[in-house]
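Engineer: For the sequence shown, the working numbering gives the first residue as 483, with consecutive numbering after it.
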Amino acid sequence: LHDALPIYHPRRVTTPLIRKTPQVAGHRTQAFDLSEWRQASWDEALDYIADRLVDIYHREGSDAMAVYGCAKATNEDNYLLQKMFRALFRTNHIDHCTRLCHAGSVVALQQAVGSSAMSNTASEVIKSDCFIVTGSNTTENHPIISLQMKAAVQKYGAKMIVIDPRRLELVEFAELWLPLKPGTNVPLFTAMAHVIIQEGLVNHEFIRNRTEGYDEFTRSVEKFTPEYAESVSGVDRDLIRQAARMYATAEKAGIYWGMGISQLSHGTASALALIHLAFLTGHIGREGTGLNPLRGQNNVQGTSDMGVMPFHYPGYMRIDDPSNAQHWEKIWNIEAGGLNRQLGLTTTEILSHAHPGGIRSLYIMGENPMMSEPNLNLTRKHMQELEFIIAQDLFINESDAFADVFLPAVSWAEKDGTFTNTDRRVQRVRQALEPRGNSKPDWQIICELAKRIEARLQRSSSAGWDYSEPSEIMAEIGRAVPDYAGIRYARIDKTGLQVPVWDEQHPGTPYLFAEKFPRGKGKFHPLEFIPPVEETNDEYPFILTTGRVLEHWHGGTMTRHSQLDALYPEALVEINPVDASMLGIQDGQSVRVSSRRGTVVLRASVTEKTTAGVVFIPFHFHEAAANLLTIDALDPQAKIPEFKACAVQVHPAREQDLTNPEARVIRGRY
């Protein structure tokens, strides 16, 4: 265990660091070598940060301040981080990785039902008669849930429908596989809705009692025939009909989806198209049914619940609703009218506004935009434009290397707190190890910094930063956020509770929407098919899609500092044998993959796991960062980038190109 866990890697930073060379906006450089930093005491580092941030705030105002929260940190950590920036700097430029994974799902669910959380418990899949898995490599991204899906099929006789461009392992357990072209979710799912309506498989009682907008929706569906969907998605029309019938005629059917649905410039529409299937059939509000976006990181649900988003306070209370602002002014002991009522910038917008007159300071807690943002050449330019950067993490990653100050945080195993997992279960995290070196828990770092900032700003009222332990922070959350009102450490000491938990006697909520939706009635939304922004042509004939592999996690900041790296040590591009033969590429050969934005050199994995015309690259590897290639086009509603579809070319490369820095347009460690 000691050898495998990343917290024991010798490269971990365990004392505060300050850059030796002062950084200048527009000319900021990366420092991976510790010789470019000097060690500092906590007092020196925090005083320095407080002085610089307050100076920028006084000079440029709240619009110059921005922060990234962390979905790997606890609820308590993230609650305090957004509280510090809202209560002290009066900014809503606050976001985290949900913007880069399920923002499209969040917006769609808010629009259609009024709640963005997973509606059911993942383990309920064994009680389904049929379920759809789409846009999710569940076996590698959510392995425990995939085991439950396999059990549902093998032990309980459920029928699984997999809808994905790649031949994933779950396909071997599926009744049907629909290998759609990336970016064609809307026509395929809406064609399924067309079949359900045309063949009289609609649950009219549910639609009449629980939904609105059905008549307008049915008119919009008329053109989305299975034949039309086949022409744009490549999926056989008969497969589309079979899938629609199988889902609609089941007594209990659920839908599980991943970022293959949301990470598109029409990600909101993709998620809405799935929601419509549940509305049409009434497969929601009951055990074994539901709308279930599978969240990527361990606390991305909790971090969203804690208000680490530019549009919402904790509990999804809209920023621009005066009554919500008044509620939090009271909770945080802030003068009336003190909180900012303007919606903030999203993750991608924060960096694009990094310029004189825009964002000047960026506080990064546990994120790595230099690996996770699309079009990394442009991201690098934006990072260089910032005046002051603070990094709070375990390791110096590609983004932290740009920072002026590095604050060493502890890992999950070295602190107390809570996580809220993908099916809304709030669970304890208990300290098992003493903090390494001079590192501290995130919540303590934030409190110590907030006190310094508050003193320098001379606020007439205090938001309160004197917590002795994380349970006191959760008690404050419970007093202010109705969904968490019944969450207390004593109650979840042995078993987590699924929010909403309305009071200290409430047992939690395994599935949502049994009687009504938070918005009242579920709303149908007529949709149009908008293709991916960048389609293929003769010069760029392949569609690139990206994602994770089992052995690694997100930007690789933690797993690539562990022995997991030996299990999957380098980036590979998956290419179909038909395409590989056409290009003269052998398995294991070095290749160059280029988009209009950049080039990476990596080895080819010739496999039928991907379909002809589609290539796949995992995004964990700084040596061949997939997001050098991806396009920064955004969903206009959710502001999520189109990670899942861009046009690329693939060519054989020389073997020495893999180790030659000059052979690449850009490298992770620049």
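C-beta atoms are modelled at their ideal positions from N, C-alpha and C, and glycine is treated no differently.
Any contact between the region 859–879 and the region 1127–1144? By contact I mean 3 or more CB pairs, one from each, below 8 Å.
Structural biologist: They do not touch, by the three-pair rule.
Engineer: Take the Cβ of A1048 as the centre, count every other Cβ of all protein chains shown within 10 Å, and call the residue buried at 16 or more, exposed below.
Structural biologist: Answer is exposed; the Cβ neighbour count stays below 16.
Engineer: On the DSSP letters alone, give me the boundaries of the alpha helix (DSSP H) that Q926 sits inside.
Structural biologist: It spans 924–939 - the alpha helix (DSSP H) in which Q926 sits, taken as one unbroken run.
Engineer: Could you name the residues of the same chain whose beta carbon sits closer than 8 Å to that of H491, not counting the 5 residues immediately before and after it, in chain order?
Structural biologist: The pLDDT assigned to H491 is 39, lower than 50, so where the model puts this residue is not dependable; a value taken from the coordinates is nonetheless given after this. Excluding sequence neighbours, H491 sits near F877, H1043, S1044.
Engineer: I believe V1060 touches A1086 by the beta-carbon criterion, under 8 Å. Please report the beta-carbon distance rounded to the nearest angstrom.
Structural biologist: That pair is no contact at about 13 Å.
Engineer: Quick check on S638: buried or exposed, where buried means 16 or more other Cβ atoms within 10 Å of its Cβ?
Structural biologist: Looking at the sequence shown, residue 638 is not Ser but Tyr. Classification of Y638: exposed, given that the 10 Å Cβ count is below 16.
Engineer: Nearest to E855 by alpha carbon, out of I500, H1036, L499?
Structural biologist: Ranking I500, H1036, L499 by Cα distance to E855 puts H1036 first.
Engineer: Among A1062, Q987, T991, S921, which has the Cα closest to the Cα of A1094?
Structural biologist: If we check each option's Cα against that of A1094, A1062 comes out closest.
Engineer: Would the beta-carbon of K976 fall within 9 Å of that of Q593?
Structural biologist: Contact: no.
Engineer: What's the call for D905, buried or exposed, on a 16-neighbour Cβ count within 10 Å?
Structural biologist: Classification for D905: buried.
Engineer: Under DSSP, the alpha helix (DSSP H) around I608 begins and ends at which residues?
Structural biologist: Note, I608: premise wrong, no alpha helix (DSSP H); not H, not E.
Engineer: Can you name, in chain order, every residue of its own chain whose Cβ lies under 6 Å from the Cβ of E1033, other than the five neighbours on each side?
Structural biologist: Once the five neighbours on either side are set aside, the close Cβ partners of E1033 are L1046, L1049, Y1050.
Engineer: Taking R493 as the reference, give the member of I757, M852, W947, F514 with the closest Cα.
Structural biologist: That would be F514, whose Cα lies nearest to the Cα of R493.
Engineer: Would a C-beta distance cut-off of 9 Å place A885 and I846 closer than the cut-off?
Structural biologist: Yes, the Cβ-Cβ distance between A885 and I846 is below 9 Å.
Engineer: Could you tell me whether the Cβ atoms of M788 and Y561 are closer together than 9 Å?
Structural biologist: A contact, by the Cβ cut-off of 9 Å.
Engineer: Out of curiosity, what's the CA-to-CA distance linking Q808 and G819?
Structural biologist: Between Q808 and G819, the C-alpha separation is close to 7 Å.
Engineer: Could you have a look at F761 and say whether DSSP puts it in helix, strand or coil?
Structural biologist: In the structure shown, F761 sits in a helix (DSSP, three-state: H, G or I).
Engineer: Can you give the beta carbon distance from P1123 to Q745, rounded, assuming they're within the 8 Å contact cut?
Structural biologist: Indeed, because the Cβ distance is near 7 Å, the residues count as touching under 8 Å.
Engineer: In the structure shown, what three-state DSSP assignment does M728 receive?
Structural biologist: Correct three-state label for M728: helix.
Engineer: Taking the beta strand (DSSP E) that N774 falls in, what are its first and last residues?
Structural biologist: N774 -> beta strand (DSSP E) spans 772–775.
Engineer: Under a Cβ-count criterion, where at least 16 other Cβ atoms within 10 Å of its own Cβ denotes burial, should D525 be classed as buried or exposed?
Structural biologist: Exposed.
Engineer: Taking only runs that begin and end inside the region 760–840, name each unbroken alpha helix (DSSP H) of 4 or more residues, in chain order.
Structural biologist: Entirely contained in the region 760–840, the alpha helix (DSSP H) runs reaching 4 residues are, in chain order, 782–787, 804–813, 829–834.
Engineer: Can you list, in chain order, the residues of its chain whose CB lies under 8 Å from that of G460, leaving out five sequence neighbours each side?
Structural biologist: Nothing in the structure corresponds to residue 460, since the chain is present only between 483 and 1152.
Engineer: Please list, in chain order, all residues of the same chain as N857 whose beta carbon is under 6 Å from its beta carbon, the five residues on each side excluded.
Structural biologist: Within the same chain, N857 has close Cβ partners R1079, D1114.
Engineer: Is DSSP giving S715 helix, strand or coil here?
Structural biologist: Note: S715 maps to helix in three-state DSSP.
Engineer: Pick out the complete beta strand (DSSP E) segments inside the region 836–918, 3 residues or longer, and give them in chain order.
Structural biologist: For the region 836–918, whole beta strand (DSSP E) runs of length 3 or above, ordered along the chain, are 843–847, 870–875, 887–890, 899–902, 907–911.
Engineer: Who are the near neighbours of R912 in its chain, counting only those whose CB is closer than 8 Å to its CB and skipping five residues on each side?
Structural biologist: These residues qualify, in order along the chain: D898.
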